[in-house]
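>
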Amino acid sequence: MARGSMLARGFADPVHDAQGVFRAVMDALARPGTIRPLVPVLAPPAPLTAELAAVALALADSDAALWLDAALARSQAVTDFLRFHTGARITEDPAEAAFALISDAAACPDFGAFAQGTPAYPDRSATLVLAVSDLSDRAGWRLDGPGIRGSARLAASPLPSDVLDRLARNHAGFPQGIDLIFAAAGRLAALPRSTRVATGD
Numbered sequence: 003m004a005r006g007s008m009l010a011r012g013f014a015d016p017v018h019d020a021q022g023v024f025r026a027v028m029d030a031l032a033r034p035g036t037i038r039p040l041v042p043v044l045a046p047p048a049p050l051t052a053e054l055a056a057v058a059l060a061l062a063d064s065d066a067a068l069w070l071d072a073a074l075a076r077s078q079a080v081t082d083f084l085r086f087h088t089g090a091r092i093t094e095d096p097a098e099a100a101f102a103l104i105s106d107a108a109a110c111p112d113f114g115a116f117a118q119g120t121p122a123y124p125d126r127s128a129t130l131v132l133a134v135s136d137l138s139d140r141a142g143w144r145l146d147g148p149g150i151r152g153s154a155r156l157a158a159s160p161l162p163s164d165v166l167d168r169l170a171r172n173h174a175g176f177p178q179g180i181d182l183i184f185a186a187a188g189r190l191a192a193l194p195r196s197t198r199v200a201t202g203d
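Dropping the structure here:
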């Protein structure tokens, strides 16, 4: 930590607050396309959003390495905040990370750069948490798969221009592959690797 700097506070009630965020994330993963409320009382250093910070504080620990995109990684205040409040090791190698925090979702690296798991241990894969400005379940992609009754919709932006191709390749590798969490202001949604994604009608 830089001398003289003041570390931003984490959760006011670490156990209770982390459990609430964890439940929201697990429910979003179990019900792809469902938008869950997430209103963390956090003021992390920029460009780390409160929602990205909340998911990291709820999920990451000393056994789960974190990868940060360039905008986050170059902020000493962000890396200090995450190391202190999660105990997680921050890695420069995306293939080592259990969780990746991405503040510039449109510049997200190719999903194949992250841990995909193995045939024997598909759970040893990465979860990517992407900050987005827009998130809606009333339009956008058509989703189907486990946890979805009939079909669901989801739209998130900004994202890479080839995101649909990436999602198709990711699903084709199931049960290996990465899971995605989209975190917007006050809400989140998820796309696990088991979900099939198509363009909307």
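When we follow my numbering, the leftmost residue of the sequence shown carries the number 3, and every step to the right adds one. In this text, a Cβ means the ideal position worked out from N, Cα and C, and glycines have one as well. Computed from a prediction, not measured in an experiment: that's the story for all the values here.
How should residue 141 be labelled, buried or exposed, when 16 other C-beta atoms within 10 angstroms of its C-beta is the threshold for buried?
By the neighbour-count criterion, in which 16 or more other beta carbons inside 10 Å mark a residue as buried, residue 141 falls on the exposed side.
> Quick one: grab the DSSP three-state call for residue 171.
helix
> Buried or exposed: where does residue 197 fall if 16 or more other Cβ atoms within 10 Å of its Cβ makes it buried?
Classification of residue 197: buried, given that the 10 Å Cβ count is 16 or more.
> Which runs of the beta strand (DSSP E) fall wholly inside the segment 36-73 and span at least 3 residues, in chain order?
68-70
> Indicate the three-state DSSP secondary structure (helix, strand or coil) for residue 164 in the structure shown.
The DSSP-derived three-state label of residue 164 is coil.
> Inspect the CB distances between the segment 111-129 and the segment 141-160 and report whether three or more fall short of 8 angstroms.
no
> Could you tell me the alpha carbon to alpha carbon distance between residue 187 and residue 78, rounded to whole angstroms?
23 angstroms
> With DSSP as the reference, please indicate the residues paired to residue 129 in a beta bridge.
101 and 181
> Give the straight-line distance between the Cα atoms of residue 133 and residue 193, rounded to the nearest whole angstrom.
14 angstroms
> For residue 78, list the residues DSSP reports as bridge partners.
In the DSSP output, where bridge partners are listed per residue, residue 78 has none listed.
> Quick one: what does DSSP say residue 9 is sitting in, helix, strand or coil?
coil
> Taking the alpha carbon of residue 87 as the reference point, which residue from 173, 71, 182 and 19 has its own alpha carbon closest?
Residue 87 has its Cα closest to that of 19, out of 173, 71, 182 and 19.
> Just the C-alpha distance for residue 135 and residue 109, rounded to the nearest angstrom, thanks.
One C-alpha to the other measures close to 14 angstroms.
> Is DSSP giving residue 22 helix, strand or coil here?
helix
> Got a sec, what are the start and stop residues for the beta strand (DSSP E) residue 151 sits in?
Run containing residue 151: none; DSSP gives neither H nor E here.
> Are residue 35 and residue 191 closer than 8 angstroms when you measure CB to CB?
In this structure, residue 35 lies near residue 191, with their beta-carbon atoms less than 8 angstroms apart.
> Figure out for me which residue from 37, 24, 83 and 17 has the closest Cα to the Cα of residue 158.
37
> For residue 29, which of helix, strand or coil comes out of DSSP?
Residue 29 falls in the helix class under three-state DSSP.
> Excluding the five sequence neighbours on either side, which residues of its own chain have a C-beta within less than 8 angstroms of the C-beta of residue 115, listed in chain order?
96 and 97
> State buried or exposed for residue 199, treating a residue as buried only when at least 16 other CB atoms are found within 10 Å of its CB.
With at least 16 other beta carbons inside 10 angstroms of its own, residue 199 counts as buried.
> Mind checking which residues open and close the beta strand (DSSP E) that includes residue 200?
198-200
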